[in-house]
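Residue 314 in the UniProt record's numbering is what sits at position 314 of the sequence shown, and the numbering runs on without skipping anything.
Virtual Cβ for every residue (Gly too), placed ideally from N, Cα, C.
Everything below concerns the one structure shown next.
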Amino acid sequence: MVKQEPPVEKNDVIELTFEDITHDGDGVGKVNGYPLFVPYALPGEKAKVKVIKVKKNFGIGKLIEVEEVSQERVEPPCDVYVQCGGCQLQHMSYQLQLDLKQKQVVNALKKFGHIEGIPVHPTIGMDDPWRYRNKVQIPVAYRHGELITGFYRKRSHEIIEGMDRCVITAEINDRMVEAVRRMANRLGIRAYDERSHRGVLRHIMVRTGQETGETMIVLITRTEEIPGKDELVKELHETYPQIKSIVQNVNKEKTNVILGKKTKVLWGEEYIYDNIGDITFAISAKSFYQVNPPQTKKLYDKALEYANLAGGETVIDAYCGIGTISLFLAKKAKKVYGVEIVPEAIADAKKNAELNKIDNTEFFVGEAEKVMPWWTAQGLKPDVIVVDPPRKGCDETLLEAMIKMNPKRIVYVSCNPSTLARDLRFLEDGGYETKQVQPVDMFPQTGHVECISQLVLKND
């Protein structure tokens, strides 16, 4: 058998017409059936492309010049869009982004779950898909005799210089990062250097309540001591009255992990507050809280719809975090049991239930796949299970535990269509039927998509 060589070579400059697009926003064109993936190209476009990598089954190209431009192409508003890579889809219209995410879910269900023919609804988008993030974590470095802040360049730990705004984060967060950097620079607070493991200020984190306007500043440092700390704290809270909390997080480790174990309040409160719908949440420096509350409300409304609660149901919320979905469910259910492996999250969940005067919830620390069989042994029989796992999806032991509990409905919230499809296949083989899937655009301008799926017991 004659070995087929790729029809292109590295450094070739070719004309290419694009037929498709990946979920990361790379255009896909073919040369004699051989696919080339080219960042920033759109379907229907014809472009001059330089081949920069050739593999056996596919190649990578670089866009040189677009000769025929798609009507879906838009001008990215970000000054450092290409260098940063945090938002992969800014060059395409928002409607195309929503369509792409729906298609991504359909394809994942078919490829990884062998699930076809069920309704995958159009992606729920935002009226204004910009400035939606309520949290920012910005690294700090020292260059040209002063502190600089900015996101890292793609696939590197080199900060992009001259970056003074991020078009997907709240404007107040941009202003707060700039203020801390300017004040810290004047006070002589040294930036952390990850090569020498010296210096003080590693990252600046800002969290803002979109509904309340309350702001928290988190100074992430290598050292316990911060030179000029008292002056920095005083100037920040006196200059910006929306600041309700200034916190220091100490991370002494040589690591890429941003937050360390020790956190202390330097001024103000330990928590800021925000609302999603009519529920108030207390947010600490280390709390997990959705970065896009308006879309979170749409997601949770859909979860409630899929749970189809009439008021008498017992519900389990696996991977409950700080109780965000649990508290929404509790307003419609008889009883909600939440389980989460992170003790601090469960402490926050209990605090949030108390804050909202919701008394029909119980929260437990532990691995869901171990706690749920114990609940079964205690005679707990849920009518509905809601699960919202991390990107890796659910362990098989958890899926088995869910099936053994035999709930009438399962609502599966996922941030990864591939692992969602795999787990839906497992649940379907265990006696459930996937009725419908709803993509929600929690992260506009990026390739990520959140999904919510409704499953029902087949013989119910």
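{"query": "Determine, using beta carbons only, whether Ala47 and Val66 come nearer to each other than 8 Å.", "result": "yes"}
{"query": "Find the nearest neighbour of Ile246 within the set Val257, Ile258, Thr263, judged by alpha-carbon distance.", "result": "Thr263"}
{"query": "Can you give the beta carbon distance from Val365 to Ile346, rounded, assuming they're within the 8 Å contact cut?", "result": "5 Å"}
{"query": "Report the residue from Ile189, Gln83, Ile226 whose alpha carbon sits nearest the alpha carbon of Gly150.", "result": "Gln83"}
{"query": "For Ala307, tell me which candidate among Asn57, Val8, Pro139, Lys435 has the shortest Cα-Cα distance.", "result": "Lys435"}
{"query": "Output the distance between the C-alpha atoms of Gly338 and Glu400, rounded to the nearest integer angstrom.", "result": "18 Å"}
{"query": "With Arg73 as the anchor, note down where its alpha helix (DSSP H) starts and where it stops.", "result": "Arg73 -> no alpha helix (DSSP H), and no H or E assigned at all."}
{"query": "Around the C-beta of Gln97, are 16 or more other C-beta atoms found within 10 angstroms, so that it is buried, or is it exposed?", "result": "buried"}
{"query": "Rounded to the nearest angstrom, how far is the Cβ of Lys43 from that of Phe18, given a contact under 8 Å?", "result": "Per the sequence shown, residue 43 should be read as Pro rather than Lys. With a Cβ gap of about 5 Å, Pro43 and Phe18 count as contacting."}
{"query": "Does DSSP put Lys400 in a helix, a strand or coil?", "result": "What sits at residue 400 in the sequence shown is Glu, not Lys. Here Glu400 sits in helix by DSSP."}
{"query": "Can you give me the Cβ contacts of Ile403 inside the same chain, cut-off strictly under 8 Å, excluding the 5 residues immediately before and after it?", "result": "Leu427, Gly430, Gly431, Tyr432"}
{"query": "Got a sec, what are the start and stop residues for the beta strand (DSSP E) Pro119 sits in?", "result": "Careful: Pro119 lies outside any beta strand (DSSP E) and carries neither H nor E."}
{"query": "Does Pro35 pass the burial test, meaning 16 or more other C-beta atoms within 10 Å, or should it be called exposed?", "result": "exposed"}
{"query": "According to DSSP, simplified to helix, strand and coil, what is Thr324?", "result": "helix"}
{"query": "With a 10 Å radius around its C-beta and 16 neighbouring C-beta atoms as the bar for buried, classify Pro122 as buried or exposed.", "result": "exposed"}
{"query": "In the DSSP assignment, what residue or residues form a beta bridge with Ala141?", "result": "Ile148"}
{"query": "Measuring CB to CB, does Pro227 end up less than 8 Å from Leu266?", "result": "no"}
{"query": "Whose CA, out of Ile322, Gln378, Ala368, lies closest to the CA of Leu355?", "result": "Ile322"}
{"query": "Report the rounded CA-to-CA distance for Arg446 versus Arg181, giving the unit in angstroms.", "result": "One point to set straight first is that residue 446 is Thr, not Arg, in the sequence displayed. So the alpha carbons of these two residues sit roughly 27 Å apart."}
{"query": "Please name the residue, chosen from Arg165, Asp230, Ile258, that lies closest to Pro139 on a Cα-to-Cα basis.", "result": "Ile258"}
{"query": "In its own chain, which residues sit with a C-beta less than 7 Å from the C-beta of Asp12, not counting the 5 before and 5 after it?", "result": "Val51"}
{"query": "Where does Glu9 land, buried or exposed, given buried means 16+ other C-beta within 10 angstroms?", "result": "exposed"}
{"query": "Do the CB positions of Pro389 and Lys101 come within less than 8 Å of each other?", "result": "no"}
{"query": "Verify whether the separation of the beta carbon atoms of Arg409 and Val456 is less than 8 Å.", "result": "yes"}
{"query": "Let me make sure I understand the geometry here. Which of Arg143, Cys87, Gly29, Ile204 has the alpha-carbon closest to that of Asn173?", "result": "Ile204"}
{"query": "Counting only the same chain and skipping the five closest in sequence on each side, list residues whose C-beta sits under 7 Å from that of Ile21.", "result": "Gly27, Val28, Leu42, Pro43, Leu100"}
{"query": "Pull up the distance between the alpha-carbon of Ala348 and that of Lys331, whole angstroms please.", "result": "It is Asp, not Ala, that sits at residue 348 in the sequence shown. Each residue's Cα considered, the two are about 18 Å apart."}
{"query": "Report the three-state DSSP secondary structure of Glu67 (helix, strand or coil).", "result": "strand"}
{"query": "What are the partner residues of His203, as DSSP defines its beta bridges?", "result": "Pro139, Ile220"}
{"query": "With a threshold of 8 Å on Cβ separation, who are the neighbours of Thr296 within its own chain once the five nearest residues in sequence on each side are excluded?", "result": "Ile276, Gln290, Thr324, Met442"}
{"query": "Going along the chain, which unbroken runs of the beta strand (DSSP E) with 3 or more residues stay wholly within the stretch 324-391?", "result": "335-340, 361-365, 384-387"}
{"query": "Can you give the Cα-Cα distance for Ile118 and Thr280, rounded to whole angstroms?", "result": "35 Å"}
{"query": "Quick one: grab the DSSP three-state call for Leu109.", "result": "helix"}
{"query": "Out of curiosity, what's the CA-to-CA distance linking Thr255 and Glu15?", "result": "44 Å"}
{"query": "Quick check: Arg190 and Tyr142, are their CB atoms within less than 8 Å of each other?", "result": "yes"}
{"query": "Pull up the distance between the alpha-carbon of Val177 and that of Val206, whole angstroms please.", "result": "7 Å"}
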